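In my numbering, the protein residues as written are -12 to 254.
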């Protein structure tokens, strides 16, 4: 594989830079001189620019083709030479060197990957912490279930605080349970009545449903027989052999008899 990186130029350089690249004359106008592994001075059309080599948060594969059909992978691109600003020769030694976080680029190449290093590769909560939180929630639920009384705070929309005490009375709970049982019994009786009525209606509708189903099946069988007879008539017209024609005539006659019997059942 080759060693490659992306060059990102300033907006005022983009038009002429792209034109030279398309005309394959960029090598005559571009010169890159690295001051160290991360910092460089770029000379383009007799102008000097300060640049730094940054690490991208994503890996981009590059391919090459000679026949526009087969693609050959040439490199994994994970760095970009970022041109920051134009400088003069006197300012070359005064340009601060990029170090540490300066060489970690937060964005990807395309706009949808803006701030992708923070959004996609954000720190995850360790599994041990999740387990400890779940155990604590279970402990609080168990203690709450064993509580004799519950205290709560009420807040209205204006933010005023109110406090109340809720005491559980066993007799009140028993009365509530008895009332719920009576409601359930009434609902069961209503359901039984509805079930009996629905069963009677189903028994009344059952003969009609069976008759309509039989009529529907007969109609489908008649339509299928008519299609078969039409197909056999077409085969009879195209049959050159008298023996085959006689065989088709017998089949058609039998199908006609079956069709008449089905129609009588339908009536």
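C-beta atoms are modelled at their ideal positions from N, C-alpha and C, and glycine is treated no differently. Keep in mind the model is a prediction, meaning the values are calculated, not measured.
Residue i - partner residues in DSSP beta bridges
i          : result
residue 31 : 17 and 34
residue 67 : -7 and 41
residue 60 : 50
residue 74 : 35
Residue environment, residue i, which counts as buried when at least 16 other CB atoms sit within 10 Å
i           : result
residue 290 : The question about residue 290 has no answer, for the chain in this structure spans -12 to 254.
residue 4   : buried
residue 1   : exposed
residue 221 : exposed
residue 43  : buried
residue 69  : buried
residue 134 : exposed
residue 92  : buried
residue 155 : Confidence at residue 155 is low in this model, with a pLDDT of 47, below 50, so the placement of that residue should be treated as unreliable; the coordinate-derived value is given next. Residue 155 comes out exposed.
residue 124 : exposed
residue 37  : buried
residue 27  : buried
residue 53  : exposed
Short CB-CB distance (under 8 Å) between residue i and chain D
i          : result
residue 49 : No chain D appears in this structure, which consists of one protein chain only.
For residue i, three-class secondary structure by DSSP
i           : result
residue 135 : coil
residue 231 : helix
residue 89  : helix
residue 107 : helix
residue 140 : strand
residue 26  : strand
residue 6   : helix
residue 79  : helix
residue 217 : helix
residue 84  : coil
residue 196 : helix
residue 245 : helix
residue 95  : coil
residue 112 : coil
C-beta contact flag for residue i and residue j at 8 Å
i           : j           : result
residue 73  : residue 100 : no
residue 253 : residue 209 : yes
residue 219 : residue 238 : yes
residue 39  : residue 85  : yes
residue 236 : residue 212 : no
residue 67  : residue -7  : yes
residue 257 : residue 56  : Residue 257 lies beyond the stretch modelled for the chain, which goes from -12 to 254, so this question has no answer here.
residue 255 : residue 45  : It is not possible to answer for residue 255, since the shown part of the chain is limited to -12 through 254.
residue 205 : residue 249 : yes
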